[in-house]
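Participant:
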Amino acid sequence: MCQYISYTRRNSLSPLPITQEAKEILQETTENMINGKTSAEEMLAAIVEIPVILERLWQIILMKLSFEMDQLCRKTEPSVLRLKVGDIKPQTFCHQILFEMHQRCPGALDFLMTMACPVHLAMPEDSRIIAGMYAMAMYARNNQLIGFQKCMAASCIRYNAGNGLLGLLHTFGLSIPEKTKLVMLDDLGKINGREVTTALNQGKTLKITVDNIDGRIKANQIRYGSGNRDYHYTHWSVIIDRFDPRDLEGLGTQPKVVPAKGPDATTFFLSKEEKTSLRNCYSWMVQRILVEDVPALSAFSSVVPTVLNHQYRKVVDRPTEVYPMFGKNLRITQPFHWVVTN
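Using the working numbering, the letters of the sequence shown map in sequence onto residues 1132 to 1473.
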């Protein structure tokens, strides 16, 4: 056990110090076992009841399991987990991982099997392995437990992964099928649609951005069932305005009218104070560029403010709310129409 206590990860676990009272209980329990008053099993059960000792034992067990799991992925020997995508066989992938864990980290495998099949059921070892494999199969097949799979698919879509990766992950039970990602995107759009509807009901204003990509593939030979193909991708998002003119004190919302004599200088042109404020803003921008891009001037970064304070600072610091609308049936056109027409 000492080798696990001296393991390099011991600093990540902070065990409680063993108190004098715990030492006395431990010594008394050991003496009772030596004198024949209690059995070895009873002594161990009594020791485990001491919170500090139990915490130390858990630390040793976790370090042992962590050390074994490191053996699973070590680079000195080949591993199933480091196979190339083209060399993976979905039919035997899970079985190979199970066999590799049995060889390199039997303690960790036994721990996982115990989680799959509790000890109090008193099942034989072969049945526990079958129970573990059954749990893995149910995890991969049960459509009612696909929350993790949807999160995996959403991450792949977020970083522009293709259908090939989604299909491979779905083969391992880690992602939803690539054909059903549009349904998931439609669900995400409905969730975002509810958020947008709430923002509209609160009187917030918004903007809609639409990105459209069109593509065409020309076939060298036109045949029955194949030919030129056109692809159209559309993505649109709703951006809730961080603020509107009503939030800015002292700023009029009425449109400025140009009289027949020409624009009013006090309305359409900067005043002396506004020019001074604009000049100070430009000076601050130059200072930020110099201290950030010129290493010799970085020592002055402490005297150059990170942000420019002004009377609308709190309004500008509001986070931008962007809601991607992936699907088509978002049921948001009606509340949006109501806000516009009223």
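Cβ atoms here follow ideal geometry from the backbone N, Cα and C, with glycine treated the same way. Quick caveat, the model's predicted, so the values are computed rather than measured.
1. Using C-beta distances below 7 Å, list every residue in its chain close to Phe1374, excluding the 5 sequence neighbours before and after it, in chain order.
2. With a threshold of 16 other CB atoms inside 10 Å of the CB of Pro1455, please say whether the residue is buried or exposed.
3. Could you tell me whether the segment 1336-1347 touches the segment 1360-1374, where touching means 3 or more Cβ pairs closer than 8 Å?
4. Under 8 Å between the Cβ atoms of Ile1288 and Leu1337?
5. Who are Thr1365's beta bridge partners in DSSP?
6. Anyone know if the C-beta pair for Met1244 and Lys1281 falls short of 8 Å?
7. Ignore the nearest five residues each way along the sequence and tell me which others in Thr1451's own chain have a CB closer than 8 Å to its CB.
8. Which value, in whole angstroms, describes the spacing of the CA atoms of Phe1399 and Lys1335?
9. Please report the straight-line C-alpha distance between Glu1309 and Ala1285, rounded to a whole angstrom.
10. Return yes when the Cβ of Leu1313 is within less than 8 Å of the Cβ of Ser1306, no when it is not.
11. Who are the near neighbours of Ile1181 in its chain, counting only those whose CB is closer than 8 Å to its CB and skipping five residues on each side?
12. Indicate whether Ile1149 and Val1183 have their beta-carbon atoms separated by less than 8 Å.
13. Is it true that the segment 1231-1242 meets the segment 1182-1199, where meeting means three or more beta-carbon pairs spaced less than 8 Å apart?
14. Checking the sheet assignment: what are the DSSP bridge partners for Ile1353?
15. Buried or exposed: Asn1274, going by 16 or more other Cβ atoms within 10 Å of its Cβ?
16. In angstroms with no decimal places, state the Cα-to-Cα distance between Gly1458 and Arg1347.
17. Just the C-alpha distance for Asp1477 and Asn1359, rounded to the nearest angstrom, thanks.
Facilitator: Looking at the coordinates:
1. Val1446, Arg1449
2. exposed
3. yes
4. no
5. Asn1343
6. no
7. Ile1370, Ile1371, Arg1373
8. 28 Å
9. 11 Å
10. no
11. Ala1153, Ile1156, Leu1157
12. yes
13. yes
14. In DSSP, Ile1353 forms no bridge with anything.
15. Bear in mind that the predicted position of Asn1274 carries a pLDDT of just 47, short of 50, making it unreliable; the figure below should be weighed with that in mind. Exposed.
16. In this prediction, Gly1458 scores a pLDDT of 48, lower than 50, which makes its location untrustworthy; the coordinate-derived value is nonetheless stated afterwards. Answer to the nearest angstrom: the Cα atoms are 23 Å apart.
17. Absent from the structure is residue 1477, since the part of the chain shown begins at 1132 and ends at 1473.
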